[in-house]
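Structure first, then comments.
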Amino acid sequence: MGRYLRKRIIISVVILFVILLVLFLLMQLMPGSPFNDAKLSDEQVASLKESYGLDQPVIVQFFRYIGKMLKGDLGVSYSIAPNTPITTLLVNRFPVTLRIGFYSLILGTAAGLVLGLITAFFRSRAIKVIFNLVTLLGIAVPSYLFAIFFSWVLGYKWNVFPLLYDFRSPAYSSVMPILAMSLSVMAVVGQFTRSEAEDVIKSDYVQLAKCTGMKSSTIMTKYILRNSLIPVITVIASLLVSLLTGSLVIEKMFAVPGIGGLLTEAISSNDYSVVIALSFVYSALYIVVMLILDILYCIVDPRVRLGGKPS
0 MGRYLRKRII ISVVILFVIL LVLFLLMQLM PGSPFNDAKL SDEQVASLKE
50 SYGLDQPVIV QFFRYIGKML KGDLGVSYSI APNTPITTLL VNRFPVTLRI
100 GFYSLILGTA AGLVLGLITA FFRSRAIKVI FNLVTLLGIA VPSYLFAIFF
150 SWVLGYKWNV FPLLYDFRSP AYSSVMPILA MSLSVMAVVG QFTRSEAEDV
200 IKSDYVQLAK CTGMKSSTIM TKYILRNSLI PVITVIASLL VSLLTGSLVI
250 EKMFAVPGIG GLLTEAISSN DYSVVIALSF VYSALYIVVM LILDILYCIV
300 DPRVRLGGKP S
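Going by numbering that gives the first Met the number 0, 122 is the number at position 123 of the sequence shown; the sequence numbering is gapless.
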């Protein structure tokens, strides 16, 4: 187990290094400049580039950036909030995005597990029709359309929740974004759960448990749920990252002060340092989640062996 984790960590560090290098190269190819203000003269732009070290060769900038990053310094913003440390921007915004994404994942996963297990266990035609309709809508309809629907019904018509994010009541004003983002999670998790649960129900050990008179609730939790979790864990890990990276439109619609809006603003204003830092954070988050996923495999199913050897 220890050797496997060390190997995965080394591979992850190499991947992050390559990602960071590619980001630097892509930013150099991007048209425009962080200093596109028409009021700035060519001499002033050149002075700004020199003060930020942007007049140096790309490879010099790259390794200088890595040196600062190892010290916890992600640089400063060039145009969005000039000279403001990016870590400060992240500290203020990332918890909001993480909270909304996390609760969307929890709500969608719980609802998807329940729907999938009920549909697989109770082979009712009516339940299957409802399940197929709900999951089809959750997968086919984009989250922003659900957000528009909830805004019109819950926010405008019924006036239950605020239309825009309110700092005075963050939990209350996060309900509609969470609902809008959780529906796609529910649909995907429900489909995976139903498919796996139906295979598990047909297995010999579940049929034997039914013949021995074991309670349905025990069979559901001890056999069906546990053995259906492995593929579900895989999709949950991917959904977590996609929720954090795909919440840009939802954050804009509800004026949520998260990193999605920050990234959009950084791209539109050519604030390279912010774009690189946020892209790197997203990449690191994805790699960490996938590493945790491998560990969860071993916890859920003892038959899984790391590296083909007993752990």
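Glycine included, each C-beta is placed from N, C-alpha and C at the ideal position.
Proximal residues to residue i (C-beta, below 6 Å), its chain only, five neighbours per side dropped
i	result
residue 309	For residue 309, the predicted model reports a pLDDT of 43, less than 50, meaning its position is unreliable; a value from the coordinates is still stated below. None.
residue 137	182, 183, 185 and 186
residue 146	179, 249 and 252
residue 51	none
Simplified DSSP assignment, three categories, for residue i
i	result
residue 75	strand
residue 23	helix
residue 288	helix
residue 28	helix
residue 34	coil
residue 246	coil
residue 13	helix
residue 40	coil
residue 176	helix
residue 63	helix
residue 268	coil
residue 168	coil
residue 53	coil
residue 189	helix
residue 276	helix
residue 251	helix
Neighbourhood of residue i by C-beta, 8 Å cutoff - its chain only, sequence neighbours within 5 removed
i	result
residue 151	none
residue 55	63
residue 247	259, 260, 262 and 263
residue 97	243
Nearest-angstrom Cβ-Cβ length linking residue i and residue j, presumed shorter than 8 Å
i	j	result
residue 257	residue 92	5 Å
residue 219	residue 120	6 Å
Among the options, the one whose alpha carbon lies nearest that of residue i
i	options	result
residue 240	73, 270, 76 and 279	279
residue 235	13, 285, 37 and 69	285
residue 80	52, 272 and 189	272
residue 328	64, 254, 69 and 232	One cannot answer for residue 328 here, as it falls past the ends of the chain, which runs 0 to 310.
residue 238	108, 82, 118 and 277	108
residue 224	189, 249 and 207	189
residue 78	39, 66, 114 and 60	39
residue 130	140, 116 and 142	116
residue 268	216, 30, 114 and 159	30
residue 143	217, 211 and 252	252
residue 166	95, 127, 288 and 110	95
residue 311	33, 9 and 11	Given a span of 0 to 310 for the chain in the structure shown, any question on residue 311 remains unanswerable.
residue 84	276, 282 and 289	276
residue 76	199, 53 and 57	53
7 Å Cβ shell around residue i - same chain, five flanking residues per side excluded
i	result
residue 149	175, 178 and 179
residue 14	286
residue 61	20 and 23
Proximity test, residue i beta-carbon vs the ligand NAD heavy atom, cut-off 6 Å
i	result
residue 51	In the structure shown, the ligand NAD is absent, as is every other ligand, since no ligand is present at all.
**Asked** What residue ranges within the stretch 84 to 151 form continuous alpha helix (DSSP H) runs of no fewer than 4 residues, ordered along the chain?
**Response** Runs of the alpha helix (DSSP H) inside the stretch 84 to 151: 85 to 120, 124 to 139 and 142 to 149.
**Asked** Residue ranges of each alpha helix (DSSP H) run of no fewer than 4 residues wholly in the stretch 192 to 233, ordered along the chain?
**Response** Entirely contained in the stretch 192 to 233, the alpha helix (DSSP H) runs reaching 4 residues are, in chain order, 203 to 210 and 215 to 218.
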